[in-house]
Amino acid sequence: MFSAHNIKKIRELYSMTQEQFALSLGITRELVNKIEKGKTKVSRSTILRIEKFVRERESEFYSQDAIVIGQPVTSEVSSLPYHVQRREQKVERKTVWVPLVGVKAQAGYVKGYEQVDFIESLEKYSLPPGVHPGGAQWSYFEIDGDSMEPTFSSGDVILASMVHAEDWQDIKNLNVYVILTADSLLVKRIIRQSSREWILVSDNTEVFPHKTIPVSDIRELWIFRRHIHAKVPVPEHLLAE
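Below you can see the structure in the form of structure tokens.
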């Protein structure tokens, strides 16, 4: 059984920040922080993700296809300390292809998000540099409309990782999420009003007021990870010159 102490040791062994470790596991950084501080118990789901994470890293380290200083790994036991071997090791990482839910595909996603054939039909792109796939489920979403301006503009793309239902209680207020309901796909900030109701908050509050929805209406929840701008805005002070 994993304890708060040895979970932190695992993270430190791989020289990962809490944010990087959370991304690899597909959970929130807040949950990692709570676990390491002993403020919450480790759920069965999280244990399984950590076990998978460790297995994958061990597989990478001992793989005969691994490359160390540009040479194939041999079956001989290295005399170098383990942490030195890890630092010098260069592993050929498999590209992870992530589906893009574009504006034109969003209506279809609302109806077919559980259909493998539909997901497979979506365009796919690799993860951006610095993002480690880990055991998380990833997706790109294209922004449609102006409800989240000035933070996100129509045509922007965000990368998000899925938040599983058992971790919804650990979401952080006012973080940005992609929310799938029975009839819509939304990008909003969330305030947890209660365990049964959440408030959806738009950044463009002058036009889009807050909206309260039952948690039971939510089919999927994805947390924002990266932002790809469709265009670069000109600073207001330059426009004034």
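When you read off a place in the sequence shown, starting at 1, and then add 121, the result is the number in our numbering.
Don't be surprised by glycine CBs; every beta carbon is placed ideally from N, CA and C.
ask   = Do the segment 340-351 and the segment 281-293 meet, that is, are 3 or more Cβ pairs less than 8 Å apart?
value = Flag = yes, the segment 340-351 and the segment 281-293 touch.
task = Output the distance between the C-alpha atoms of K129 and V163, rounded to the nearest integer angstrom.
result = Rounded to the nearest whole angstrom, the C-alpha separation of K129 and V163 is 12 Å.
ask   = Can you name the residues that DSSP bridges to W218?
value = W218 has S247 as its beta-bridge partners, per DSSP.
task = Kindly identify the DSSP beta-bridge partner or partners of L280.
result = Its beta-bridge partners are Y261 and R347.
ask   = Are I339 and L280 closer than 9 Å when you measure CB to CB?
value = Going by C-beta atoms, I339 is not nearer than 9 Å to L280.
query = Would you report the Cα separation of E327 and K173, rounded to the nearest angstrom?
reply = Distance between the alpha carbons of E327 and K173 is about 45 Å.
query = Which stretch, first to last residue, makes up the beta strand (DSSP E) that contains L301?
reply = Element bounds for L301: V297 to T302.
Three-state class that DSSP yields for V322 in the structure shown = For V322, the three-state secondary structure derived from DSSP is strand.
task = Could you have a look at I148 and say whether DSSP puts it in helix, strand or coil?
result = Coil at I148, not helix or strand.
query = Per DSSP, P335 is paired with what?
reply = The bridge partners DSSP lists for P335 are E318.
task = With a 10 Å radius around its C-beta and 16 neighbouring C-beta atoms as the bar for buried, classify T216 as buried or exposed.
result = Exposed.
ask   = Among residues of its own chain, excluding the 5 on either side of G223, which ones have a beta-carbon nearer than 6 Å to its beta-carbon?
value = These residues qualify, in order along the chain: E263.
ask   = Going by the CB atoms, is the gap between G251 and G147 shorter than 9 Å?
value = No; because the gap between Cβ atoms is not below 9 Å, this pair is not in contact.
message = Since A125 and I156 should fall inside the 8 Å C-beta cutoff, what is the C-beta to C-beta distance between them, to a whole number of angstroms?
response = Indeed they touch by this definition, with Cβ atoms about 6 Å apart.
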